[in-house]
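Contents: one structure, followed by commentary.
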Amino acid sequence: MSEWGRFWVKLHYSKTGEVVAAICDEELLGKRIATERGFEIKVDNAFYGGVLVEGEGVIRYIEQATIINLLGNRIVGMLISKGLIRESAAVRVGGILHVQMFY
């Protein structure tokens with residue numbers, strides 16, 4: 251098993267040609283995250299629940315994407331450590347790191 255653990259990955263294809271890679275830490279799928287502003291975010295299977303991928307295996311999906319949506323301290327931390335995203339791109343949602351980037 252990877253030091254980073256496993257991640258749920260799903261690719262979404264738009265009619266305009268965009269490819270969204272939705273990736274979250276394994277344990278977040280199906281959870282509800284309470285935000286500081288009183289909202290609740292559902293980590294939905296329909297959006298994130300594609301395939302379960304080991305650690306750095308997510309990079310091949312990111313390479314196919316024009317937009318990435320990341321949710322989880324491990325996935326964001328791994329990509330920061332690899333130099334693929336900047337720490338300044340991350341925000342915290344209910345204490346959990348989130349990044350959305352367009353390429």
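In this text, residue positions in the sequence shown follow this note's numbering: the first is 251, and each later residue adds one. For every residue, glycine included, the Cβ atom is placed at its ideal position computed from N, Cα and C.
What distance in whole Å lies between the Cβ atoms of LEU278 and VAL301, which are believed to be in contact at a cut-off of 8 Å?
-> That belief does not hold up - the Cβ atoms of VAL301 and LEU278 are roughly 15 Å apart, past 8 Å.
In terms of DSSP beta bridges, what is GLU337 paired with?
-> None, per the DSSP bridge assignment.
Can you find at least 3 beta carbon pairs, one from the stretch 284 to 292 and one from the stretch 301 to 319, that sit closer than 8 Å?
-> no
Enumerate, from N- to C-terminal direction, the unbroken beta strand (DSSP E) stretches of 3 or more residues contained entirely within the stretch 252 to 286.
-> 256 to 263, 269 to 275 and 282 to 284
When burial is assigned at 16 or more other CB atoms within 10 Å of the CB, is PHE257 buried or exposed?
-> Here PHE257 is buried: its Cβ has 16 or more other Cβ atoms, across all protein chains shown, within 10 Å.
Classify GLU304 as helix, strand or coil using the three-state DSSP reduction.
-> Looking at GLU304 - three-state DSSP - the assignment turns out to be strand.
On a CA-only basis, which of GLY288, GLY307, PHE289 and TRP254 is nearest LYS260? Give me that one, please.
-> GLY307
Give the C-beta separation of ASP275 and ASN319 to the nearest angstrom, bearing in mind that I take them to be a contact with Cβ-Cβ under 8 Å.
-> Contact doesn't hold; Cβ gap of about 13 Å is too wide.
Candidates GLY333, ALA315 and LYS332: closest to ILE273 by CA position | If we check each option's Cα against that of ILE273, ALA315 comes out closest.
Length of the line joining the Cα atoms of GLY345 and LEU321 = 11 Å
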